[in-house]
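Asker: Residue numbers (the working numbering): 36 to 305.
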Ligand code: PGA
């Protein structure tokens, strides 16, 4: 019997699809899950994501004035070749959008090293650090228009660990907006693997806007396939998918998901 209203109650064994009218409303639901975790486990280990999607989430978490003093974080990925001070590095992104606004110990903050001389060794070390921290309690995820989570591009091994990965042209095109031109987007990254993400005790995937609708529908309702790496989350025991109505627009069972969420027993609600 799982303790109700406790972090142990995470073993739900079904993907939970939360569809809200707006990105703001979907983000509020996601922020509440994180706030509850940090209240129940002040030394929680959070997996964090970058990109446009989690920006609202970080703003909301900052506004909530949570206690971050004992929290440990691991970011999903980083571009190879970008120093932590590079404006488009994910080190810079995290500093600007979250870490400089909260009281977190930077000793507890981990982001893959895009400048590592020995990339395989630094990837192995990253995995060891996650294990030494006790594993990730909750991993925040966005989804690429190609279905990637982290930078696990289509055809990534569904058992993959932290490693170097080559970005697809679509991802480089999608991310060119941060760099000014597609030519400036690095070709390689270091990313946690699908296997790494699958070991997080809970995953919280957010997706907003019509451009994500196809990748979301394939991930939630399609076959489990490395062509859409996010589809592997169907095998994860505690994944919440927080969507705005546009990102949910290609789901065939949207009415069912809405009904389930609106009629949850009180103790299950967030
Ligand atoms: P985005 O990227 O949030 O910038 O859309 C999501 C992702 O690539 O995971």
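Ideal Cβ positions, reconstructed from N, Cα and C, are used throughout, including at glycine. Given the structure is predicted, the values throughout are model-derived calculations rather than measurements.
Kindly give me the distance between the Cβ atoms of residue 51 and residue 276, rounded to whole angstroms, as I take these residues to be in contact under 8 Å.
Answerer: Taking 8 Å as the upper bound for CB-CB distance, residue 51 and residue 276 are in contact here, some 7 Å apart.
Asker: Are there any heavy atoms of ligand 1 lying less than 7 Å away from the beta-carbon of residue 88, as far as the coordinates show?
Answerer: yes
Asker: Would you call the region 181 to 195 and the region 154 to 169 touching, i.e. three or more CB-CB distances under 8 Å?
Answerer: Output reads no: the region 154 to 169 does not touch the region 181 to 195.
Asker: Can you find at least 3 beta carbon pairs, one from the region 103 to 112 and one from the region 75 to 82, that sit closer than 8 Å?
Answerer: yes
Asker: For the beta strand (DSSP E) that residue 187 lies in, which residues bound it at each end?
Answerer: Premise fails: residue 187 is in no beta strand (DSSP E) and is neither H nor E.
Asker: With distances taken Cα to Cα, identify the nearest neighbour of residue 261 among 92, 195, 135, 58.
Answerer: The shortest Cα separation from residue 261 among 92, 195, 135, 58 belongs to 195.
Asker: Among the residues of its own chain, which have a CB less than 6 Å from the CB of residue 113, if the five just before and after it don't count?
Answerer: 125, 146, 147, 149, 225
Asker: Entirely within the region 97 to 156 and at least 3 residues each: give me those beta strand (DSSP E) ranges in chain order.
Answerer: 107 to 110, 112 to 114
Asker: Among 273, 170, 211, which has the Cα closest to the Cα of residue 110?
Answerer: 170
Asker: Considering only their Cβ atoms, is the gap separating residue 236 from residue 173 smaller than 8 Å?
Answerer: yes
Asker: Looking only at its own chain, which residues have a Cβ that is under 8 Å from the Cβ of residue 285, when we skip the five neighbours before and after it?
Answerer: Sequence-distant partners of residue 285 (beyond 5 residues in either direction) whose C-beta falls short of 8 Å from its own C-beta, in its chain, are 248, 249, 251, 252.
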